[in-house]
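*Asks:* Structure provided below as structure tokens; questions to follow.
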Amino acid sequence: MEIRHEANPEDVKGGYTTEKLRNQFLIESLFQPNKLNMVYSHYDRLLVGGVIPGKDPIQLDAGEALRTEFFLERREIGIVNIGSQGKVLVDGEEFQLNKRDCLYIGLGKKDVTFHSNDPSNPAKLYFVSANAHKEYPTKVLPISDAIPTKLGADAESNNRTIYKYIHGEGIQSCQLMMGMTLLEPNNMWNTMPAHVHDRRSEIYLYFDMEEESRVFHFMGKPDETRHLLVKNEQAILSPPWSIHSGGVGTKNYTFIWAMAGENYTFKDMDFVPIEDLK
């Protein structure tokens, strides 16, 4: 498991090269065949990972990194399949996941394993985990049952659909919130103007992109913006002090967002007028 520590925004402002910015906030290689990869962030103790199971199942195991008896002893987790059909076994109970289906597993579950239904055409299981203080039921939300919210317009190049998986009116959790945004063809911008929520960290996974496509992901304080150039199946750690949801692609793209922190609401956003961005 890779450990990423917090960065002071003043340090980022004055001393971060492109390489250092990418090393701190960009996760370039989450998905590798027959392997579980994880990054532990000190921003709100979020943990992000990816796994491509092959012929053999892969267990959710953090080794010695968490200093707990098992992964979910003091944690909860949200999992989204971005590949072919797969399944997750939770203490012996099987949960099938098609592409873009979401599974939430609550505090206290001991044995979690990842499987591909067809190892020659494997699942790609992406997950984000947060600290938890109360057990909530394990639950699947298929993409077909998720309620779509349409936002944006072609005129602004941000015609998009948002699916909320884990939140106050969906799958219940302690503090983890998780969902997915799909941009329609010929639409490239996510939310602009951007917003900040200094009480919550956020993680983005960009996927379903063509090999040559890229997303310019904007981050930084509103008056000191930076960008990261992101390709398919790469993730971003977005700190609380940074602008959120600002990005433009060379083509349309899809991303999974996950948040945790001080509160449990989508309304805690301070929008930044576009004329104030620098």
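Residues 67 to 344, numbered by the working numbering, are exactly what the sequence shown covers, in order. The beta-carbon is built from N, C-alpha and C at its ideal position, and this holds for glycine as well.
Report the CB separation of G174 from N256 in whole angstroms; it is logged as a contact under 8 Å.
*Replies:* With 8 Å as the limit, G174 and N256 do not qualify as a contact, their Cβ atoms being about 35 Å apart.
*Asks:* Q90 lies in the alpha helix (DSSP H); which residues open and close that run?
*Replies:* Counting along the chain, the alpha helix (DSSP H) containing Q90 begins and ends at T84 to F91.
*Asks:* Looking at C-alpha atoms only, which residue of I309, N164 and E201 is the closest neighbour of P188?
*Replies:* Among I309, N164 and E201, the Cα nearest to that of P188 belongs to N164.
*Asks:* Please state whether DSSP places I143 in a helix, a strand or coil.
*Replies:* Here I143 sits in strand by DSSP.
*Asks:* Run through the DSSP bridge pairs and tell me what S38 is partnered with.
*Replies:* Outside the displayed span of the chain (67 to 344) sits residue 38, for which this structure offers no information.
*Asks:* Tell me the DSSP bridge mates of K216?
*Replies:* Per DSSP, T227.
*Asks:* With DSSP collapsed to three states, give me the class of G81.
*Replies:* In the structure shown, G81 sits in a helix (DSSP, three-state: H, G or I).
*Asks:* Which whole-angstrom value is the C-beta distance of Y231 and L207, which I expect to be below 8 Å?
*Replies:* Yes, they are in contact, since the Cβ atoms of Y231 and L207 sit about 5 Å apart, within 8 Å.
*Asks:* On the DSSP bridge assignment, give the partners of D211 in chain order.
*Replies:* DSSP output for D211 lists no bridge partner at all.
*Asks:* Rounded to whole angstroms, what is the Cα-Cα separation between G218 and R280?
*Replies:* Those two C-alpha atoms are separated by around 21 Å.
*Asks:* For L249 and L113, I'd like the C-alpha separation in whole angstroms.
*Replies:* Each residue's alpha carbon lies about 26 Å from the other.
*Asks:* Does DSSP put I340 in a helix, in a strand, or in coil?
*Replies:* Residue state, collapsed to three classes: helix.
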